[in-house]
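K.L.:
Have a look at this one before I ask anything.
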């Protein structure tokens, strides 16, 4: 019996050795596979897992700008003159019809008088030509022509009578010849009178009359313009809003503010009324970000002086030409976001010139697969995410296509599907100090 046991023992030893070798190989293989196919696990790291599902995802970029008047009504001086009175302070809220500035029209009075005098003269000349054929001058010339014709007819009658007397030898020949000479002179006088009448009548027709009508129209327009300017000596607000300063003069360096006593020129900007419902946010965009902006993109605007108010709006314009920043020398583009109409409470809180923080939503996906940035290893096109197929199994590496990136989120376009469990490691929380 003992020899039978002795014969069985060697196989058992060999079997044990074979099993031990297999376990060792499996351990080595597992270590090699784990080093290549699982997220690296180091001391102080904690494994995290997340089941991905379709969810809304958006990406945005932020800028810092200024609240400006989006829709403003310009206020300009109607004529050259001195400021007599100012009824506002820049930044005030004004109502439609409120008196803003009163100008002294003394210098305008002389120009208005000259315009009225020119109008009266042109009106008189046009009236004369309108009834020219019945005017005294035409009547005088017409009477002269009629008188010359009557004198000629009288001379013709005398010549006829004298001829009969001459044939009878009752009058001398010289008397008859004198009448013939007189008729020649009177014939020339009739022709001259008819020409004078035709020329006088022509003065009231055609181009002459048209010139008089145009001169009257110009004089009337000039007088109306002067009257309008004269009546506009008191400048009033055309709508409700906030009155803001005009652009500062680069020549004299003043602030552009209007003060009593100062001289203003015709067309000089006095200010502008920014409608409360038409504010905008103006900001500068670097050339690297300008491609992501386009009119219509939604924006959210906040600011340190907003008192917690958040405004919404949309991009209204992006400059097509770059301007160099004087400080950095880098090209940039000016963009404007038109804000939605403000409520009365918001209008009282938000002021033109305040600092604005503009967040622009550049991308929206209502059903996206999103993972934390820590779950992504490597960069495109070889970005990798580790996915665990079953609980308790080792994760496998999956190459994914990355979409947009937002703070704390990365959009995955391909490589994952809803329900996949994504695995990654994060640093463990520090241990509490030992008392």
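Numbering (the working numbering), first residue to last: 10 to 444.
All C-beta atoms, glycine included, are put in the ideal place defined by N, C-alpha and C.
All values reported here derive from a predicted model rather than from experimental measurement.
Just reading off the beta strand (DSSP E) that residue 268 is part of, what are its end residues?
P.N.:
As a working note, residue 268 is residue 259 in the chain shown. Segment: none, residue 268 is in no beta strand (DSSP E) and carries neither H nor E.
K.L.:
Considering only the beta carbon of each residue, do residue 90 and residue 116 sit closer than 8 Å?
P.N.:
In the chain shown, residue 90 corresponds to position 81, counting from 1. In the chain shown, residue 116 corresponds to position 107, counting from 1. Between residue 90 and residue 116, the gap from beta carbon to beta carbon is short of 8 Å.
K.L.:
Within the same chain, show all residues whose beta-carbon is closer than 7 Å to that of residue 435, passing over the 5 residues directly before and after it, in chain order.
P.N.:
What you label residue 435 is simply residue 426 of the chain shown in a count that begins at 1. Answer for residue 435: 54, 55, 57, 383, listed in chain order.
K.L.:
How about residue 110 and residue 279: do their beta carbons lie closer than 8 Å?
P.N.:
Within the chain shown, numbered from 1, the residue matching residue 110 stands at position 101. Within the chain shown, numbered from 1, the residue matching residue 279 stands at position 270. Against a cut-off of 8 Å, the Cβ pair of residue 279 and residue 110 comes out as a contact.
K.L.:
Answer with buried or exposed for residue 394, where buried requires no fewer than 16 other C-beta atoms within 10 angstroms of its C-beta.
P.N.:
In the chain shown, residue 394 corresponds to position 385, counting from 1. Buried is the call here.
K.L.:
Excluding sequence positions up to five away, which residues of its chain have a Cβ less than 6 Å from the Cβ of residue 368?
P.N.:
As a working note, residue 368 is residue 359 in the chain shown. Taken in chain order, the residues that qualify are 69, 71, 309.
K.L.:
Which of the three DSSP states is assigned to residue 363 in this structure?
P.N.:
Here residue 363 refers to the residue found at position 354 when the chain shown is read from its first residue. Three-state result, residue 363: coil.
K.L.:
How many Å lie between residue 240 and residue 271 at the Cα?
P.N.:
Translated into the one-based positions of the chain shown, residue 240 becomes position 231. Translated into the one-based positions of the chain shown, residue 271 becomes position 262. Straight-line Cα distance between these residues: approximately 20 Å.
K.L.:
By how many angstroms is the C-alpha of residue 132 removed from the C-alpha of residue 348?
P.N.:
Against the chain shown, residue 348 aligns to sequence position 339. Against the chain shown, residue 132 aligns to sequence position 123. Those two C-alpha atoms are separated by around 54 Å.
K.L.:
Whole angstroms are fine: how far does the CA of residue 65 sit from the CA of residue 424?
P.N.:
Counting from one through the chain shown, the residue named residue 424 turns up at place 415. Counting from one through the chain shown, the residue named residue 65 turns up at place 56. Their backbone Cα atoms lie some 18 Å apart in a straight line.
K.L.:
In the DSSP output, which residue or residues are listed as bridge partners for residue 410?
P.N.:
Stepping through the chain shown from its first residue, residue 410 is reached at position 401. In DSSP, residue 410 forms a bridge with 423.
K.L.:
For residue 235, is the classification buried or exposed, using 16 other Cβ atoms within 10 angstroms of its Cβ as the cut-off for buried?
P.N.:
Indexing the chain shown from 1 puts residue 235 at position 226. With at least 16 other beta carbons inside 10 angstroms of its own, residue 235 counts as buried.
K.L.:
Tell whether a beta-carbon distance below 8 Å holds between residue 157 and residue 119.
P.N.:
In the chain shown, counting from the first residue as 1, residue 157 sits at position 148. In the chain shown, counting from the first residue as 1, residue 119 sits at position 110. Residue 157 places its beta carbon 8 Å or farther from that of residue 119.
K.L.:
Assign residue 277 to one of three DSSP states: helix, strand, or coil.
P.N.:
Reading the chain shown from its first residue, position 268 is the one you call residue 277. If DSSP states are grouped into helix, strand and coil, residue 277 belongs with coil.
K.L.:
According to DSSP, is residue 206 helix, strand or coil?
P.N.:
For the purposes of this step, residue 206 is taken as the residue at position 197 of the chain shown. Under the three-state reduction of DSSP output, residue 206 falls in the helix class.
K.L.:
The beta strand (DSSP E) spanning residue 392 covers which residue range?
P.N.:
Taking the first residue of the chain shown as 1, we reach residue 392 at position 383. Per DSSP, residue 392 belongs to no beta strand (DSSP E) and is neither H nor E.
K.L.:
From residue 184 to residue 190, what distance separates their C-alpha atoms?
P.N.:
Along the chain shown, read from residue 1 onward, the residue named residue 184 stands at position 175. Along the chain shown, read from residue 1 onward, the residue named residue 190 stands at position 181. Each residue's Cα considered, the two are about 10 Å apart.
K.L.:
Looking only at its own chain, which residues have a Cβ that is under 8 Å from the Cβ of residue 392, when we skip the five neighbours before and after it?
P.N.:
What you label residue 392 is simply residue 383 of the chain shown in a count that begins at 1. So the list reads 385, 386, 408, 409, 410, 411, once near-sequence residues are dropped.
K.L.:
I'd like to know whether the C-beta atoms of residue 379 and residue 330 end up nearer to each other than 8 Å.
P.N.:
In the chain shown, counting from the first residue as 1, residue 379 sits at position 370. In the chain shown, counting from the first residue as 1, residue 330 sits at position 321. Contact: no.
K.L.:
For the ligand SAM, any of its heavy atoms closer than 7 Å to the Cβ of residue 169?
P.N.:
As presented, the structure is devoid of all ligands, the ligand SAM included, so that no description of it is given.
K.L.:
Would you report the Cα separation of residue 167 and residue 222, rounded to the nearest angstrom?
P.N.:
For the purposes of this step, residue 167 is taken as the residue at position 158 of the chain shown. For the purposes of this step, residue 222 is taken as the residue at position 213 of the chain shown. Taking the straight line joining both Cα atoms gives about 49 Å.
K.L.:
If I follow the unbroken beta strand (DSSP E) through residue 72, where does it start and stop?
P.N.:
By 1-based counting over the chain shown, the position of residue 72 is 63. Where residue 72 is concerned, the enclosing beta strand (DSSP E) stretches over 63-78.
K.L.:
So, is the C-beta of residue 433 closer than 8 Å to a C-beta in chain C?
P.N.:
The displayed structure is made up of one protein chain only, and chain C is not part of it.
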